[in-house]
Amino acid sequence: MSNPHYRPVESFSPLQNENPTYFMSPETYSQPWPGADGDLGSPGYEMRNTTRSFQSSQDYDTKTGGPALPPRPGAGTGYSSASTLFATNSESESFLHDPLNKIDTSYASSVFADVHKPTKAKSGKQVRRILFGSSFRFFITAGLCAAYYFAIQTYVKKGVLSEPKKKEFNAITTAISIALGLNIASAFKDMALNMRWPILSRSKPRNLDELDLILSCDSLTKLAKLAWVARRPWVIFACLTWLVINIAAQAGIAALGLTYGFDSDYTQPMLSKGYVAVPNMQYFFPNGNNSNPSLQDEQFTAHLYGGLAYNFGLNETQYMPAAGDVYKSSNALLWYDYERNNIEFIFTETSPQSSIFSIYTNRTLNITYSCNAYTVTKGGDGTSTTISVANVGDVYVSNSIQGSITFFTDSGNQCNNNPRCTVVQAFEASATEPWYYTCDITLGETQNDPEGLATISNRMAAIATASIAQIGYHDGRGQEAQIYPGDSLWGLPCQGDQNLLGNTIAAFGLGSIAGAAMLNPSFTHTGQQPSQGSFLDFNHAFWFYLVLGLIAGCHLFFCIIVAIMANQVQVGPDGHLDMSMLLRPIADQLYGVSNGIDNKAFRRAKKETKARYEKGRSDNERWGFATS
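Numbering-wise (the numbering used here), the sequence shown opens with residue 752 and increments by one.
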């Protein structure tokens, strides 16, 4: 006679439940549990081994007085529902099934079915979910690549960079590189986690050691271990390929830093607020001495400096630099306008600590000339101290030599009642075509100098304008004269070209000012201090764009390929709890081998048990692991 209280429960399988009303654990049963016997067991143990032998159905419960409840399946020595690989007479029972600690593990499908229902394989919903997760990281990659590009372009356009700017750029690019590397690594991990499911479903069943390593394929270390454990050519090839892709991505990001670099900028100085060295233009200081020199010392010094005018460089005014441009020793300081009879000098500034860089300022000084040329009618061969000049008369020349030019000036040589204008005369001695010239040479005021840093006194102006003829000494008649051979820079025959001669005298006079500005003692003044800076040399732009494009392009390509391949199966869970439920049948089998102890039998079971991720036979929406 059958027991009226006995309601048998069908065996549980996660892959064979056709129309589930409840989600039930394998050991959830409909019959009531027997009452507590007072022994709750040790609370410190989650699992306990119990051996129960049950009587016939005619026995009675001594506590209730009624017929005894039928035994639960697997609760006796004759039958056990525990999933084990080997037969045993002991049953391991979870504390969750203890009557006093039991947690209700059944849930109404009408409430939770839509929430926990997995997405179907080859469904648009699943592929959209995969693409949404991967595309988010791709947009981060694309944004970081764009930020890298704009950072490079911005600092290239800045030109000369100071040390703080260099550190700022390095900090920005380093942050972008680190963020890009972390994002790529994280994206590849997600791709590996999605790809493990089609790999586990398409290949033949694998032992549990390989299964465990494939499920952990987001770790490159585990991937390398998988290649060692499997030792099959295609597995080794796939593992090495994925390792190389991950390493190549990080190497490519690191290689971006090799496509650009900082170099010293010799074309443009870096200007910063500080002290600048400004020349003292009160006198023509001989030998850099800052004492008050005599008139003779100043005239001699001005004459020496003027002879260096061509060393300071002359160029046309149309090529004049702008304020702030770098001055090099190969650059010009004097700029002439031949048509306007004008030559201009630009003052420079440098750093008191270092003279590596000097810059042109906006302070300028010009000199003008106006000359007349006359033919010599008598004594033009240079053998006489008195020459006869057409339309002028007799002219006294203290020294002259045939084939040369004598520049001379007399006492009281001021012109037009202008203390900054001097009359300079020249005699071009020749046996065939002698010439006499008279020129008014005027030195202007310093321009763009509101603070008077480069003020030239009238005294210095008078000395400078006549410096081509003066060396500090004159003869008894008050004339000072200097002879220049015809083959020298200052003695080339002008043959009556008055403007050419005037340009020569003016260049010499302004050269003396340039020499004083370069060689006089200096003082410090607050201004824009020039110093050597650096510039971002983007010398491998092609490789930069190529690597950056490959990083973004490959990321997008892998996102699409992974989404298509992973959508062929039902993508499994990522969470630990969900994964534990998926692996529970396998875990229950392994626990039955050695009660969870990692011993020889446990390891043998892992090697001999095969598992494959596949779709259930009767439920097309549920996937799980089938073991063999």
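All C-beta atoms, glycine included, are put in the ideal place defined by N, C-alpha and C.
**Message:** Going by DSSP in three states, residue 1134 sits in which element: helix, strand or coil?
**Reply:** coil
**Asked** Can at least three beta-carbon pairs, one atom from the segment 1123-1134 and one from the segment 1296-1311, be found at a separation below 8 Å?
**Response** no
**Request:** Would you check if the segment 1180-1199 and the segment 1134-1145 touch, i.e. whether three or more CB-CB distances between them fall below 8 Å?
**Result:** yes
**Message:** According to DSSP, simplified to helix, strand and coil, what is residue 1246?
**Reply:** coil
**Request:** Say yes only if the C-beta of residue 1007 is nearer than 7 Å to one or more non-hydrogen atoms of the ligand HEM, and no if none qualify.
**Result:** Although the ligand HEM was asked about, the structure shown includes no ligands whatsoever.
**Residues near residue 927 in its chain [Cβ-Cβ closer than 6 Å; skip 5 each side]** = 895, 898, 899
**Request:** Could you check which residue in 1231, 1318, 1076, 1061 has the C-alpha nearest to that of residue 1264?
**Result:** 1061
**Message:** I'd like to check one pair, residue 1010 with residue 1294: are the Cβ atoms closer than 8 Å?
**Reply:** yes
**Request:** Since I believe residue 917 is in contact with residue 1279 (beta carbons under 8 Å), could you give me their beta-carbon distance rounded to a whole number of angstroms?
**Result:** Between residue 917 and residue 1279 the Cβ distance is about 20 Å, and since that is not below 8 Å, they are no contact.
**Message:** As a quick exercise: from 945, 903, 911, pick the residue whose alpha carbon is nearest that of residue 922.
**Reply:** 903
**Span separating the alpha-carbon of residue 1195 from that of residue 1290** = 47 Å
**Item:** Contained alpha helix (DSSP H) runs [length at least 4] in the segment 1220-1282, N- to C-terminal order
**Value:** 1249-1270
**Request:** Output the boundary residues of the alpha helix (DSSP H) element that contains residue 1079.
**Result:** No alpha helix (DSSP H) contains residue 1079, which DSSP labels as neither H nor E.
**Asked** Just curious, the alpha helix (DSSP H) that residue 1122 is in, first and last residue?
**Response** Unbroken run through residue 1122 is the beta strand (DSSP E), 1109-1129; no alpha helix (DSSP H).
**Asked** According to DSSP, is residue 1035 helix, strand or coil?
**Response** coil
**Euclidean distance between Cα positions of residue 980 and residue 905** = 51 Å
**Request:** Would you mind stating whether residue 1012 and residue 1286 have Cβ atoms separated by less than 8 Å?
**Result:** no
**Message:** Need the endpoints of the alpha helix (DSSP H) that residue 1344 sits in, please.
**Reply:** 1335-1345
**Message:** For residue 1362 and residue 887, I'd like the C-alpha separation in whole angstroms.
**Reply:** 33 Å
**Item:** residue 1016, enclosing beta strand (DSSP E) - first and last residue
**Value:** 1012-1030
**Prompt:** Can you tell which of 1031, 1002, 1351, 878 has its C-alpha closest to the C-alpha of residue 1275?
**Reply:** 1031
**Three-state class that DSSP yields for residue 1170 in the structure shown** = strand
**Message:** Residues in the same chain with beta-carbon distance under 6 Å from residue 1176, minus the five sequence neighbours each way, listed in chain order, please.
**Reply:** 1159, 1189
**Message:** Closest to residue 1045 by C-alpha separation, out of 995, 1223, 1097, 915, would be which residue?
**Reply:** 1223
**Message:** In this structure, how does DSSP classify residue 1329 when only helix, strand and coil are distinguished?
**Reply:** helix
**Request:** For chain D, find out if any of its Cβ atoms is closer than 8 Å to the Cβ of residue 1203; answer yes or no.
**Result:** No chain D is present in this structure, which holds just one protein chain.
**Prompt:** Count the other CB atoms within 10 Å of the CB of residue 1267; is the residue buried (16 or more) or exposed (fewer)?
**Reply:** buried
**Prompt:** What does residue 1361 pair with, by DSSP beta-bridge criteria?
**Reply:** 958
**Prompt:** At which residue ranges does the segment 930-997 contain complete beta strand (DSSP E) runs of 3 or more residues, listed in the order of the chain?
**Reply:** none
**Request:** Whole angstroms is fine: what's the gap from residue 1242's alpha carbon to residue 1156's?
**Result:** 5 Å
**Cutoff 8 Å; reference residue 1359; Cβ partners in own chain excluding five residues on either side** = 958
**Prompt:** When the Cα atoms are used, what is the spatial distance from residue 1014 to residue 1199?
**Reply:** 34 Å
**Prompt:** Can at least three beta-carbon pairs, one atom from the segment 1056-1074 and one from the segment 1092-1099, be found at a separation below 8 Å?
**Reply:** yes
**Request:** Please name the residue in 1073, 996, 955 whose C-alpha comes closest to that of residue 974.
**Result:** 996
**Asked** Going by beta carbon distance, what residues of the same chain come within less than 6 Å of residue 1214, once the five residues before and after it are set aside?
**Response** 1049, 1050, 1053
**Request:** Along the beta strand (DSSP E) that carries residue 1161, what are the first and last residues, could you check?
**Result:** 1155-1161
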